[in-house]
Structure formats: structure tokens, C-alpha cells
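These notes are about the structure you will find just below.
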Amino acid sequence: MKLSRSRCELRLKHTFAIARGSRDVSPVVIVELEHDGVIGVGEAAPSSRYGETVETVEAFLSELDFRRFQDPFQLETILNYINQVAEGNTAAKASVDIALHDWIGRRLGLPLHKYWGLDKDKTPLTSFTIGIDRPEVLEQKVREAEEFPILKVKLGGRDDEEIIRTIRKATQKPLRVDANEGWKRKEEALDKIKWLEQEGVEFIEQPMPADDLAGTAWVRERAALPLIADEDSLRLHDVSKLRGVFDGINIKLMKCTGLREALRMLHTARAFGLKVMTGCMIETSIGISAAAQFSPLIDYADLDGNLLTLNDPFDGVKVDRGKLILPDRPGIGVEKRRD
Ligand code: MG
Numbered sequence: 004m005k006l007s008r009s010r011c012e013l014r015l016k017h018t019f020a021i022a023r024g025s026r027d028v029s030p031v032v033i034v035e036l037e038h039d040g041v042i043g044v045g046e047a048a049p050s051s052r053y054g055e056t057v058e059t060v061e062a063f064l065s066e067l068d069f070r071r072f073q074d075p076f077q078l079e080t081i082l083n084y085i086n087q088v089a090e091g092n093t094a095a096k097a098s099v100d101i102a103l104h105d106w107i108g109r110r111l112g113l114p115l116h117k118y119w120g121l122d123k124d125k126t127p128l129t130s131f132t133i134g135i136d137r138p139e140v141l142e143q144k145v146r147e148a149e150e151f152p153i154l155k156v157k158l159g160g161r162d163d164e165e166i167i168r169t170i171r172k173a174t175q176k177p178l179r180v181d182a183n184e185g186w187k188r189k190e191e192a193l194d195k196i197k198w199l200e201q202e203g204v205e206f207i208e209q210p211m212p213a214d215d216l217a218g219t220a221w222v223r224e225r226a227a228l229p230l231i232a233d234e235d236s237l238r239l240h241d242v243s244k245l246r247g248v249f250d251g252i253n254i255k256l257m258k259c260t261g262l263r264e265a266l267r268m269l270h271t272a273r274a275f276g277l278k279v280m281t282g283c284m285i286e287t288s289i290g291i292s293a294a295a296q297f298s299p300l301i302d303y304a305d306l307d308g309n310l311l312t313l314n315d316p317f318d319g320v321k322v323d324r325g326k327l328i329l330p331d332r333p334g335i336g337v338e339k340r341r342d
């Protein structure tokens, strides 16, 4: 087996701002795993929140020795090896996991959702994310998101009320709110959520800083809106501690090392009675299409990272009035764009 990689600078349609900061370009690393004449593709979209950059991804991938493996079907062995090479590096690990799954699907001539026994008609609607911005830009973004029936709004700062008022002037669509750990005190979080309960909001993602589980549980006891863990829900071992603290978890391939662990988290969350959401970073259609393959199993999708970019080099899952449409192609279902 042979792994090669290349960098890709994703340019964003709008400056993307959340509670932690903002940016105009988002670099990712694309990988190709070749074995026996078949190539599987994967992607790492590193997040500084979790200590990764394209440089750390490249350094991690260059440590890996794929010559020791002769069979990409040996996912368990290969992914266990990759997981123990170093701590963290979850997006780098996800790139290999995605490429292996894509390779298997292509070798079998099957889309992954079919291989997993899932019904492609059961994909959920995806929300479309509106980052933090000035009122006139927010209005423009809401107009651009016209075809999406659900919007996800980034909050977590001083302008929360103005942002919601501006969006509510422009649309009455259901909103999902992501505070990205921005509300630092539990009383502040509760006040904001109580107010948002009146504003047609479906749920709140990560209201409080990660690890403040006691504060979050306090908020949840007093608030009517469901709370979904994101920064608190990284990997499989996080799921059990979130029961009684959150109502659901947001699984992202780039946090959890890829599809294999994502499915384990999903089933574990179900066993604990938790809702399941799947989100993304700013990614190409590789990462988004990979996650969309298991989306018939989830409650809420937020798989729009590719739609926020101008130069996605791949074509994969499509969106039709918010609904995720899985392509009839093997593996994760992507193809390089020709234009
Ligand atoms: Mg989030």
C-alpha cells in the first residue's frame, strides 16, 4: 500500500467567523491510498482548536509506514497501528481512515452506504451555516441560503441578540444555534437560551466551554431547548460522560479519526439515548461525502463545509433544497472535478 498527499488551499465565499476567530482561506491535505491498481481518496481538514495544522498533518502522515500492510480490508489492524503512532492528530488519522474506506468501496464497486446496509432515501436535511458577521452581510447570507430549509447560526459573543434579530427580520426558518463554547458562565448561557427559546430555535450546540460538564448540566436542568455536545464530544471515550449533561452529540470525522470510530460513537450514543448530529470543518467534497454516507442513521446533519468554499476540487454528495443526495458511485462517492 502506498499513500501520497497534496495540499489544497480552500478559498471561502465569505470570511468565516465563529466565537473563536475568523479566516478567508482554509488549507486541507488530500491523500491518495493506492493498492493493487485501485486508489482511495481521503482528506484531513485540520483544526487549530484541536492542535492541528497542515504541517502537523503532513508530519504525522510522513511517519506512517504503509509498506508493512498488504491488504486495505484489514481496517482494524491498520487503523489501530495509525492510532498508536502518536496522540491526537485526529484529522490526519481521519484522512487515512477515509481513504481506506473509499478504497474498499471502489474495490467492491459499492457505495459505502450500501455496503453498510443503509437506505439512501433516508438522508436528513442539512443545515446551512451562517457565521458571525455585520447585519448587512448577515442579510445577504440569509438570501444566499434561500434553498436551505434550516439555518445554523453561529453565536457566542456580545452581538448575539443583534444577530438573531437581523436573521429573524429576514427569515422565519427554523434555526439551530452554535455557541462554540462562547458563553463562559452558566447564568449567561441560561439567559441566552431562555431568550432563544422564544426565537424558533431547535437546539443549542456547545453553549459552555468544553469540560464544564457540571455547568452544562446545570443549564440543561433549567432550559427547555436540547443541548448538543461538539467541543465536548471528540472521540468514542467521551460519549459515556455526556449522558445526563447533553441531549445529543455532534460527531465529526476530523475530531474522531474517521468513519470507523464515527460509527462506533453513533451506536454508543444511541445506547445512551442521545441524539446524533454530524458536522464538519471547512472541507472539500471528500470529507463531506464520506460523512454523508452514514447520514441515513443520524438525526441532524450540518454538512455544508464544502458549500462555503469557492474551489472544491471534488464532486460528491449533492444538496437539493437541503436534502443530502448520495451519488451512485462506489466508496465515498467522489470524483475529481474537470473544470
Ligand atoms: Mg459546533
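For the sequence shown, the numbering used here assigns the number 4 to the initial residue and increments by one for each residue that follows.
Where a beta carbon is used, it is the ideal one built from N, C-alpha and C, also for glycine.
This one's a predicted model, so the numbers in the text were calculated from it and none came from an experiment.
### Task
State yes or no: is the C-beta of residue 205 nearer than 6 Å to some heavy atom of ligand 1?
No, since every heavy atom of ligand 1 falls outside the 6 Å radius drawn around the Cβ of residue 205.
### Query
Given a threshold of 16 other Cβ atoms within 10 Å of its Cβ, counted over all protein chains shown, does residue 59 qualify as buried or as exposed?
Counting the other CB atoms within 10 Å of its CB gives residue 59 a total of 16 or more, which places it among the buried residues.
### Message
Closer than 8 Å is the cut-off here; do at least three beta carbon pairs connect the segment 186-203 with the segment 219-231?
### Response
Touching, yes.
### Query
In this structure, does DSSP put residue 74 in helix, strand or coil?
Residue state, collapsed to three classes: coil.
### Task
Report back the beta-carbon spacing between residue 293 and residue 329 to the nearest angstrom; my notes put them in contact at under 8 Å.
Your pair residue 293 and residue 329 does not check out as a contact, with CB atoms roughly 11 Å apart and the cut at 8 Å.
### Message
For residue 220 and residue 249, what's the separation of their Cα atoms in angstroms?
### Response
Our two residues, residue 220 and residue 249, have alpha carbons roughly 7 Å apart in a direct line.
### Message
As a quick exercise: from 208, 29, 244, 28, pick the residue whose alpha carbon is nearest that of residue 130.
### Response
Nearest of 208, 29, 244, 28 to residue 130, Cα basis: 208.
### Cβ-Cβ distance between residue 184 and residue 212 below 7 Å
Taking 7 Å as the Cβ cut-off, residue 184 and residue 212 qualify as a contacting pair.
### Message
Looking at the secondary structure, which residues open and close the alpha helix (DSSP H) in which residue 218 lies?
### Response
Secondary structure note for residue 218: its alpha helix (DSSP H) is the uninterrupted segment 216-225.
### Message
Mapping the DSSP letters down to three states, classify residue 114 as helix, strand or coil.
### Response
Note: residue 114 maps to strand in three-state DSSP.
### Query
With 16 other CB atoms within 10 Å as the buried threshold, where does residue 309 fall?
The residue is buried, with at least 16 neighbouring Cβ atoms inside 10 Å.
#### Entry: residue 215 Cβ short of 6 Å to ligand 1 heavy atom set
Outside the cutoff, so no.
### Task
State yes or no: is the C-beta of residue 208 nearer than 6 Å to some heavy atom of ligand 1?
Indeed, a heavy atom of ligand 1 lies less than 6 Å from the Cβ.
### Task
Could you check which residue in 103, 116, 48 has the C-alpha nearest to that of residue 78?
The candidate whose alpha carbon is nearest that of residue 78 is 103.
### Message
Between the alpha carbons of residue 111 and residue 43, how many angstroms are there, rounded?
### Response
Approximately 12 Å, taken between the alpha carbons.
### Query
Which stretch, first to last residue, makes up the alpha helix (DSSP H) that contains residue 173?
Looking at the DSSP string, the run of the alpha helix (DSSP H) that includes residue 173 is 163-173.
### Task
Note down the Cα distance separating residue 88 from residue 316, rounded to an integer number of angstroms.
For residue 88 and residue 316, the distance between alpha carbons rounds to 30 Å.
### Task
Would you mind reading off the limits of the alpha helix (DSSP H) that contains residue 328?
Where residue 328 is concerned, there is no enclosing alpha helix (DSSP H), although the beta strand (DSSP E) around it starts and stops at 326-328.
### Task
Determine the direct distance from the alpha carbon of residue 81 to that of residue 283, and round the result to whole angstroms.
Rounded to whole angstroms, the separation of the alpha carbons of residue 81 and residue 283 is 24 Å.
### Query
Got a sec, what are the start and stop residues for the alpha helix (DSSP H) residue 141 sits in?
From DSSP, the alpha helix (DSSP H) with residue 141 extends over 138-147.
### Query
For residue 299, which residues of its own chain have a beta-carbon under 6 Å away from its beta-carbon, when the five flanking residues on both sides are left out?
These residues qualify, in order along the chain: 121, 122, 125, 126.
### Message
By alpha-carbon positions, which one of 233, 260, 98 ends up nearest to residue 277?
### Response
Minimum Cα distance to residue 277 is reached at 233.
### Message
Within a Cβ cutoff of 6 Å, which residues of the same chain sit near residue 150, ignoring the five residues on either side of it in sequence?
### Response
The residues are 324.
#### Entry: Minimum C-alpha distance to residue 178 - residue among 217, 134, 215
Residue 134 is the option with its Cα nearest to residue 178.
### Task
Find out if the Cβ-Cβ distance for the pair residue 14, residue 28 is shorter than 7 Å.
Result yes, Cβ atoms of residue 14 and residue 28 sit closer than 7 Å.
### Query
Which word fits residue 253, buried or exposed, when buried means at least 16 other C-beta atoms lie within 10 angstroms of its C-beta?
Burial call: buried.
### Task
Leaving out five residues on either side along the sequence, give the residues of the same chain with a beta carbon under 7 Å from the beta carbon of residue 176.
Closer than 7 Å at Cβ, skipping near neighbours: 152, 153, 154.
### Message
What does the Cβ neighbour count give for residue 270, buried or exposed, with the cut at 16 atoms within 10 Å?
### Response
Taking every protein chain shown into account, the CB of residue 270 has fewer than 16 other CB atoms within 10 angstroms, so this residue is exposed.
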